[in-house]
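Trainee: Here's a structure for you.
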Amino acid sequence: MSIAHHATGPCSMVPDPGPPDGETTDPESGLCCPANAARLLRPDQRSEGGAFAAQGVCHSFACAILDGLDEQIAVLNEDGTIIAVNQAWRKFASENQPQAAQRLSSGDLGRNYLDVCRQAEAAGDAGAMLAWQGIDAVLQGRSTSFEHEYDCHSPLQQRWFSMRVTPLAYGWRGAVVAHTDVSKRRLAEASLRIAAIAFESPEGMMVTDAQGIILQVNHAFTLITGYGREEVVGKRPSLLSSGRHDAAFYQAMWGAVRSHGSWEGEIWNRRKNGEVYPERLAISTVLDDARRVTHYVASLSDITVSKAANDEILRLAFYDPLTRLPNRRLLLDRLRQALAACALNGHYGALMFIDLDDFKTLNDTLGHNVGDLLLQQVALRLQDCLRQGDTVARLGGDEFVVLIEGMSSHGADAVAQAELLSAKILAALNLPYLLGKHRSSSTPSIGVTLFHNGKPQKPDELLMQADIAMYQAKQAGRNGVRLFDQGMQDSLSARAGLEAELRQAVEQSQFAVFYQVQVDATGQARGAEALLRWCKPDGTMVSPASFIPLAEETGLILPLGRWVLRQACAQLRLWRTEPATRALVLAVNVSARQFRQPDFCQQVESAVQEQGIDPALLKLELTEGILLEDIENTIAVMKTLRLLGVRFSLDDFGTGYSSLQYLKRLPLDQLKIDQSFVRDLASDSNDQAIVATIIAMARSLGLEVIAEGVETEAQRGLLEQLGCLHYQGYLFSRPVPAPQFEAWVLARQLAAA
Ligand code: C2E
Ligand code: MG
Ligand code: MG
């Protein structure tokens, strides 16, 4: 409807036709009035000749009244021609159409308002026709009034007007058109509507007066709290109090509202049914123009679900789901705090690493469910051993960690405290367990380390120390406690360094095979033992005794062992070409891990075949440990290789636990008397008795016997007397590279010839 007013108001420009006949403009008020006021007078007034007097009244009163009004007013004669407009009409025109200002002396006077409506309608103003009909009805006397509201927006401002059309009084034909700016009211109504919709949001809303008396609540409030509107209006919000917060909490909350105008946070409230629930609450103040509080508006949402989800996320992130103990992440966090605190307070703290012995076996035999039950019970027992404030965490698997703070500030006392507590834990975990229907037992290995004065600095380091101590406890036979000391760490660091070096050595083939001769009673070479050497880049030669155990543990023995086997076969092939070495038997050491490889037999077979050597010249040295580990499998592998023609010697014999029963079943060719019996043979009658027994046993089993570590002629002589006719030792030669070995053999043969 903007056009109706716009077009008909002073802002609608029509060419200034000049004042119509007899019209004058009041120079003071600017109100345009017809000079011939008779047109505005009743016929009876005209006939009485009071026209001029009436004209004077019009001018002085009517014009002053009209100009004093805020409404924009135009007076139409009976055919709709504008015959007068007031000051407000003209002002509107000047503000909205400044280019028209200079023509305001006449405004729209003389224009036909009905024509303007028609033109506006033709120009697309949908409301213009309505205005035309309404005005026409009033002018024609069909209606006593017409009212209509329309918008007149500009890009910068939203405006609404109301148009009221009333007939001229006293029987004069014509009408008064009054436009009133109703924008304020319309905007206020709109904001009320918006507020009403916003108020009915999914969030609970509550409005109180400045004294905190509830004035209004919305539907969501009722859904959340269970209280209907009528039950809370007139009451105070404290009817929702859960009792979980103290007075200080509410004081702080209202303090924030007073000083900042708002507060937001989480709060426990109570529903009508008594249930206490977590709620997110935001309180805002409403101020009047004088900045006095008139209302408080609270929005509240039930966060029971999101709080539960949040708690669940926290639980998953920081707690072990099986035992509900803190997990590694939380433990590390607490460790960081503990280390920082002990740097300040001078007290010792302790960290215990607890690993269950043989947990895997229990898990494999009784199943994971039973294993889980054990872990849960261990967790409970650990918690029972500790004070509140100590932490017990599960790192995963069967590994638990206990963190103790605030111990004595004297080292010796702190050690005693740690020992006492670890003994208590050890005893508690040693008690029998009832796991479902299974009665079971379990033991732990516990490593303990202390921290003090912020040392060690890093949680990882501390954890590693406790882990090392635990490892030592395991090595020492399990079900025990070990206190960490620096020596432990040094040896482990050295071990880690050696492992890295060894790995590189394997990659770079820094190895050689040396050969140590084995002689018979005549002193002639019968064979040799292949002994591995690590030739470091700096020229040092490392004995296998210092790296074979590590190579075994790390698996590096597999590529190494395979390489030695190939080297040995290649050497036998070379020896085959020389009469002096052609009949030599070469002994190769085989480690447990190597022997247990599923394809070990194939490895040996292909090494033999590749070189085309006589398998009977290859002798594999096994230790008692290998043989006893899985006796049936050992026998099977040995028999397979035996069929190939390969021979076997039992190395370091006498140091293990072989029983005659087992020995009988093994397809062996030779027993090798361990050098520890040979060393003191001359002086130790006990060793003599052992060696004599071994020799007798070998004979009864039809096995050859050889003594290693023979260093003196006295030892050799005694061995010979006892019936041992094969020897290996420094008395004859140290292990040497192949060319030296060959030279030795040749020299011996020549000397004998
Ligand atoms: P082993 O098989 O019992 O080898 C005999 C060890 O005694 C060798 O030490 C040898 O040098 C040493 N020996 C020989 N005669 C004498 C003597 O008269 N007096 C003294 N005191 N010692 C003597 P080595 O070469 O240091 O080897 C140590 C161990 O390393 C070997 O003991 C063997 O178990 C292992 N080993 C050596 N080479 C290999 C290999 O290629 N594979 C595997 N798996 N183990 C190997
Ligand atoms: Mg050996
Ligand atoms: Mg040996």
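According to the numbering used here, the residues represented by the sequence shown are 4 to 756, in order. Built from N, CA and C at the ideal position, the CB exists for glycine as well. Here the structure is a predicted model, which is why all the values come from computation and not from measurement.
For Ile560, which residues from the same chain have a beta carbon less than 8 Å from its beta carbon, with the 5 sequence-adjacent residues on both sides left out?
Mentor: The count along the sequence shown starts at 1 and reaches residue 560 at position 557. So the list reads Ile551, Ala554, Ser594, Arg596 and Gln597, once near-sequence residues are dropped.
Trainee: Taking all protein chains shown into account, decide if His263 is buried (16 or more other Cβ within 10 angstroms of its Cβ) or exposed.
Mentor: Start at 1 with the first residue of the sequence shown, and residue 263 comes out as number 260. His263 is exposed by the Cβ-count criterion.
Trainee: For the alpha helix (DSSP H) holding Gln614, just list the boundary residues, first then last.
Mentor: The residue labelled residue 614 in the question sits at position 611 within the sequence shown. Element bounds for Gln614: Phe603 to Gln614.
Trainee: Ignoring anything shorter than 3 residues, give me the beta strand (DSSP E) runs that lie fully in the segment 683-742, in order along the chain.
Mentor: Qualifying beta strand (DSSP E) stretches, in chain order: 707-711 and 729-731.
Trainee: Going along the chain, which residues put their C-beta within less than 6 Å of some heavy atom in ligand 2?
Mentor: Those residues, listed in chain order, are Glu532, Asn592, Glu624 and Asp654.
Trainee: Following the continuous beta strand (DSSP E) through Leu674, name the residue where it begins and the one where it ends.
Mentor: The count along the sequence shown starts at 1 and reaches residue 674 at position 671. Its beta strand (DSSP E) spans residues Gln673 to Ile676.
Trainee: Could you give the uninterrupted runs of the beta strand (DSSP E) lying entirely in the segment 426-466, keeping only those of 3 residues or more?
Mentor: As far as the segment 426-466 is concerned, its whole beta strand (DSSP E) runs of at least 3 residues are 436-438, 441-443 and 447-454.
Trainee: Just the Cα atoms here: how many angstroms apart are Gly130 and Gly137?
Mentor: What you label residue 130 is simply residue 127 of the sequence shown in a count that begins at 1. What you label residue 137 is simply residue 134 of the sequence shown in a count that begins at 1. Going from the Cα of Gly130 to the Cα of Gly137 covers about 11 Å.
Trainee: Please report the straight-line C-alpha distance between Ile286 and Ser241, rounded to a whole angstrom.
Mentor: By 1-based counting over the sequence shown, the position of residue 286 is 283. By 1-based counting over the sequence shown, the position of residue 241 is 238. Rounded to whole angstroms, Ile286 to Ser241 spans 14 Å at the Cα level.
Trainee: For a test of the three-state rule: what should DSSP assign to Phe656, helix, strand or coil?
Mentor: For the purposes of this step, residue 656 is taken as the residue at position 653 of the sequence shown. Reduced to three states, the DSSP call for Phe656 is strand.
Trainee: DSSP has Ala285 in a bridge; who is on the other side?
Mentor: Within the sequence shown, the letter at position 282 stands for residue 285. DSSP output for Ala285 lists Glu267 and Ser302 as bridge partner(s).
Trainee: Would you mind working out which of Ile709, Asp602 and Val588 sits nearest Ala619, comparing C-alpha positions?
Mentor: Sequence index remark: in the sequence shown, residue 619 carries index 616 (1-based). The residue with the shortest Cα to Cα distance from Ala619 is Val588.
Trainee: From this set, Asp683, Leu728, Pro601 and Tyr153, which residue's C-alpha is nearest Thr643's C-alpha?
Mentor: For the purposes of this step, residue 643 is taken as the residue at position 640 of the sequence shown. Taking only the C-alpha atoms, the option nearest Thr643 is Pro601.
Trainee: By how many angstroms is the C-alpha of Ala353 removed from the C-alpha of Thr1?
Mentor: The structure shown does not extend to residue 1, since the chain is modelled only from 4 to 756, so the question has no answer here.
Trainee: Return yes when the Cβ of Ala426 is within less than 8 Å of the Cβ of Ser448, no when it is not.
Mentor: Start at 1 with the first residue of the sequence shown, and residue 448 comes out as number 445. Start at 1 with the first residue of the sequence shown, and residue 426 comes out as number 423. Against a cut-off of 8 Å, the Cβ pair of Ala426 and Ser448 comes out as no contact.
Trainee: Are Ala614 and Arg576 close, meaning C-beta to C-beta below 8 Å?
Mentor: On the sequence shown, residue 614 is found 611 positions in, with the first residue counted as 1. On the sequence shown, residue 576 is found 573 positions in, with the first residue counted as 1. It should be pointed out that residue 614 corresponds to Gln in this sequence rather than to Ala. In contact: Gln614 and Arg576 (Cβ atoms closer than 8 Å).
Trainee: Between Gly268, Leu437, Pro670 and Arg332, which has its C-alpha nearest Thr394's C-alpha?
Mentor: For the purposes of this step, residue 394 is identified with residue 391 of the sequence shown, where counting begins at 1. Among Gly268, Leu437, Pro670 and Arg332, the Cα nearest to that of Thr394 belongs to Arg332.
Trainee: State the Cα-Cα distance for the pair Ala685 and Pro435, rounded to the nearest angstrom.
Mentor: For the purposes of this step, residue 685 is taken as the residue at position 682 of the sequence shown. For the purposes of this step, residue 435 is taken as the residue at position 432 of the sequence shown. Taking the straight line joining both Cα atoms gives about 53 Å.
Trainee: Mind checking whether Phe744 and Val607 have CB atoms under 8 Å apart?
Mentor: For the purposes of this step, residue 744 is identified with residue 741 of the sequence shown, where counting begins at 1. For the purposes of this step, residue 607 is identified with residue 604 of the sequence shown, where counting begins at 1. Against a cut-off of 8 Å, the Cβ pair of Val607 and Phe744 comes out as no contact.
Trainee: With a floor of 4 residues, list each alpha helix (DSSP H) that falls wholly inside the segment 323-354, ordered by position along the chain.
Mentor: If we require 4 residues or more, the alpha helix (DSSP H) runs fully inside the segment 323-354 come out as 331-348.
Trainee: Going by Cα to Cα distance, which pick from Asp360, Ser443, Thr364 and Leu486 is closest to Glu422?
Mentor: One-based indexing of the sequence shown puts residue 422 at position 419. It is Leu486 whose Cα lies nearest to the Cα of Glu422.
Trainee: Does Thr637 come within less than 8 Å of chain B when only Cβ atoms are used?
Mentor: Annotation note: the requested chain B is absent from the structure, which comprises a single protein chain.
Trainee: Whole angstroms is fine: what's the gap from Val522's alpha carbon to Glu581's?
Mentor: Mapped onto the sequence shown, residue 522 falls at position 519. Mapped onto the sequence shown, residue 581 falls at position 578. Taking the straight line joining both Cα atoms gives about 18 Å.
Trainee: Going by DSSP, what residue range makes up the alpha helix (DSSP H) through Ile227?
Mentor: Taking the first residue of the sequence shown as position 1, residue 227 is located at position 224. Here the alpha helix (DSSP H) through Ile227 covers His222 to Thr228.
Trainee: So what does DSSP say about Asp154, is it helix, strand or coil?
Mentor: As a position in the sequence shown, residue 154 is number 151, starting the count at 1. Asp154: strand per DSSP, three-state reduction.
Trainee: Under the assumption that Leu653 contacts Lys675 (Cβ atoms under 8 Å), give the Cβ distance between them as a whole number of angstroms.
Mentor: As a first step, residue 653 must be located in the sequence shown, where it is residue number 650. As a first step, residue 675 must be located in the sequence shown, where it is residue number 672. Confirmed, Cβ separation roughly 6 Å.
Trainee: Which word fits Asn456, buried or exposed, when buried means at least 16 other C-beta atoms lie within 10 angstroms of its C-beta?
Mentor: Looking up residue 456 in the sequence shown gives position 453. It counts as exposed.
Trainee: By the 10 Å Cβ neighbour count, where 16 or more other Cβ atoms means buried, how is Tyr730 classified, buried or exposed?
Mentor: Your numbering for residue 730 matches position 727 in the sequence shown. Label assigned to Tyr730: buried.
Trainee: Does DSSP put Glu632 in a helix, in a strand, or in coil?
Mentor: By 1-based counting over the sequence shown, the position of residue 632 is 629. Helix, per DSSP.
Trainee: Alpha carbon to alpha carbon, what distance is there between Cys345 and Lys461?
Mentor: Here residue 461 refers to the residue found at position 458 of the sequence shown. Here residue 345 refers to the residue found at position 342 of the sequence shown. Near 13 Å, if we compare the C-alpha coordinates of Cys345 and Lys461.
Trainee: Hey, Ile85 and Leu112 are a contact pair by Cβ (cut 8 Å); roughly how many whole angstroms apart?
Mentor: For the purposes of this step, residue 85 is taken as residue 82 along the sequence shown, with counting starting at 1. For the purposes of this step, residue 112 is taken as residue 109 along the sequence shown, with counting starting at 1. Between Leu112 and Ile85 the Cβ distance is about 6 Å, and since that is below 8 Å, they are a contact.
Trainee: So Leu290 packs on Arg397, CB below 8 Å; how close in whole Å?
Mentor: For the purposes of this step, residue 290 is taken as the residue at position 287 of the sequence shown. For the purposes of this step, residue 397 is taken as the residue at position 394 of the sequence shown. Wrong, their Cβ atoms sit about 56 Å apart, outside the cutoff.
Trainee: Where are the alpha helix (DSSP H) runs, 4 residues long or more, that stay fully inside the segment 136-215, in chain order?
Mentor: Qualifying alpha helix (DSSP H) stretches, in chain order: 186-202.
Trainee: Which residue wins for smallest C-alpha separation from Asp677, given the options Gln664, Glu627 and Gly648?
Mentor: Your numbering for residue 677 matches position 674 in the sequence shown. Looking at the Cα atoms, Glu627 is the closest of the given residues.
Trainee: Secondary structure at Asp375, three-state DSSP: helix, strand or coil?
Mentor: Residue mapping note: residue 375 aligns to position 372 of the sequence shown, counting from 1. Of the three classes helix, strand and coil, the one that applies to Asp375 here is helix, per DSSP.
Trainee: Out of curiosity, what's the CA-to-CA distance linking Glu278 and Ile270?
Mentor: What you label residue 278 is simply residue 275 of the sequence shown in a count that begins at 1. What you label residue 270 is simply residue 267 of the sequence shown in a count that begins at 1. The straight-line gap from Cα to Cα measures roughly 14 Å.
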